[in-house]
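The opening residue of the sequence shown carries number 148 in my numbering; numbering runs sequentially from there. Below: the structure, in structure tokens.
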Amino acid sequence: MKQPQPPMVEDPGAPVAAGARAGDLPGPAGGDRPAEGPAPGVAAGCPWARVTGASRGIGRAVAEGLVAGGHNLVLALRQPADAPAVRALCDALRRRRPGVALRLLRLDLADLGQVRAAAAALCADGPPLSLVVANAGVFSRRERAPTTDGFERHMGVNHLGHFALVVGLQPLLRPAARVVVVTSVVHHLGALPWGALGERGGPALSAYAASKLANQMFALALDRRLAPRGGRAVGVHPGFVHTGMLDGLGGVLPGLPALVARLAQRPEQGAAHVLHAALEVDELAASGMGGPQGWLELWGAPGPRACAPAAMDEADQERLWALSERATGQRWREEDAG
């Protein structure tokens, strides 16, 4: 197994936080090193949020919405090739709210060793988190390479990577923290391969649906663990959204990309459901899931949605949690939760 690259944690373009290291992560256009001194206009009381998959699509729109609402953000760089997109995102966020505090860390959800290292590095000197949005995801019919740890890619990235990250960030979660796990309406079609969780094989759409079912079950099980301290976790599906991830469906359903371009919501519309879940989580507490209120849950105003029956069994949720702890090596510490 390859060794994970050490995570680089920094504030790109504003202050370098105590203990952080400036390195090869992107700063603002015109310079790759963070400036010294405090960032103007950053209020000490601004809440911090961690958003995965923020460089494009729904994640970028979520990041922009949170910054506009007063949050500071922890973002991720998956690989050096992503640096231009991350730099563009950081510049856009600073234009939206001058003085916003941003931190970056090296993180690839397909590499559990790197996820554990990144979570540990952020816990060592990172800000307490009021919100985590587990948004990043993969769907691909063609690219089915296993994760670094040998797991089927959809389950490995969409569920296990986020499980390892959120559990690893437990010491940073404020007592009333919110965690939003982005799932999909196709979780209704999912079935978990008990006894072979994360093993390769099977159609891509089935693997994706299983990973999204796991996302929703994780959210419900996490909510029980956060609730004693006043925290909440909820799943949300953004509906039918035109993002790069849907392009992979062209090989499954010919002609779908053209249909998507005509009928799907824009990423900003999909992000509205995620932001609603993050900011109005109590409204979704009874159902444990949010999503569009319109036809077939494909679009419409944000609100509560019903989970798939397969997601609702608490015994199965706890079984998945135990399997995920063994697979990732990350364990929830009850002494930190109570």
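Even for Gly, the Cβ is constructed at its ideal location relative to N, Cα and C.
query	result
Beta-carbon proximity of Thr-330 to Asn-362, cut-off 7 Å	yes
Closest by C-alpha distance to Leu-259, when choosing among Gly-246, Met-302 and His-218	Met-302
Pairwise C-alpha distance: Gly-297 and Gly-337	21 Å
Residue of Arg-325, Met-436, Arg-452 and Lys-359 minimising C-alpha distance to Trp-442	Arg-452
Ordered list of beta strand (DSSP E) runs contained in the segment 288 to 313, each at least 3 residues	none
Inter-residue CB distance, Leu-319 and Pro-375 (contact presumed, cutoff 8 Å)	The pair is not a contact, with the Cβ atoms about 17 Å apart (cut-off 8 Å).
Spatially closest choice to Arg-253 from Val-314, Gly-378, Arg-225 and Pro-231, by CA coordinates	Arg-225
Range covered by the beta strand (DSSP E) that runs through Met-436	436 to 439
Val-262 versus Val-313, Glu-346, Arg-203 and Tyr-355, residue with shortest Cα-Cα distance	Val-313
The segment 349 to 358 / the segment 460 to 469 touching (three or more Cβ pairs under 8 Å)	no
Straight-line Cα distance separating Asp-238 from Pro-245	10 Å
Leu-336: CB within 6 Å of a non-hydrogen atom of the ligand ADP	The model on display carries no ligand, and the ligand ADP is accordingly not part of it.
Delimiting residues of the alpha helix (DSSP H) encompassing Pro-275	Counting along the chain, Pro-275 falls outside any alpha helix (DSSP H), and DSSP gives it neither H nor E.
Nonlocal neighbours in the same chain, by C-beta distance under 6 Å from Gly-447, ignoring five residues either side	Pro-439, Gln-440 and Gly-441
Exposed unless 16 or more other CB atoms sit within 10 angstroms - verdict on Arg-300	buried
Supposed contact pair Ala-201 and Ala-414 - C-beta distance, whole angstroms, cut 8 Å	In the sequence under discussion, the amino acid at residue 414 is Pro, which differs from the Ala named in the question. Their Cβ separation, rounded to whole angstroms, is 12 Å, which puts Pro-414 and Ala-201 out of contact at 8 Å.
Residues that Gly-382 bridges to, as DSSP identifies them	Val-328 and Met-436
N-terminal and C-terminal residue of the alpha helix (DSSP H) that Leu-467 is part of	461 to 475
Rounded C-alpha distance that separates Ala-366 from Val-247	29 Å
Through-space distance from His-218 to Pro-311, alpha-carbon basis	The question names Pro, but residue 311 is Ala in the sequence shown. Rounded to whole angstroms, Ala-311 to His-218 spans 24 Å at the Cα level.
Limits of the beta strand (DSSP E) - the one that Val-388 falls within	Taken as a continuous stretch (DSSP letters only), Val-388 belongs to no beta strand (DSSP E), as it is neither H nor E.
Contact check, Val-383 vs Val-421, beta carbons under 7 Å	yes
CB-CB length for Gly-345 against Gly-386, believed under 8 Å	About 27 Å; that fails the 8 Å criterion.
Sequence ranges, alpha helix (DSSP H) only - wholly within the segment 206 to 281, length at least 4	230 to 243 and 259 to 272
Whole-number beta carbon distance between Thr-295 and Val-304, since they are thought to touch under 8 Å	Val-304 to Thr-295, Cβ: 10 Å. No contact.
One or two residues paired with Gly-450 in a DSSP bridge	Gly-438
Of the residues Arg-203, Gly-204, Gly-212 and Cys-193, the one placed nearest Ala-424, counting alpha carbons only	Gly-212
Bounding residues of the alpha helix (DSSP H) (the contiguous stretch that carries Ala-356)	351 to 373
Coarse secondary structure for Val-198, derived from DSSP in three states	strand
Rounded separation between Glu-472 and Thr-199 - CA only	20 Å
Close beta carbons around Ser-434, own chain, < 8 Å, minus the five adjacent residues each side	Pro-451, Arg-452, Ala-453 and Cys-454
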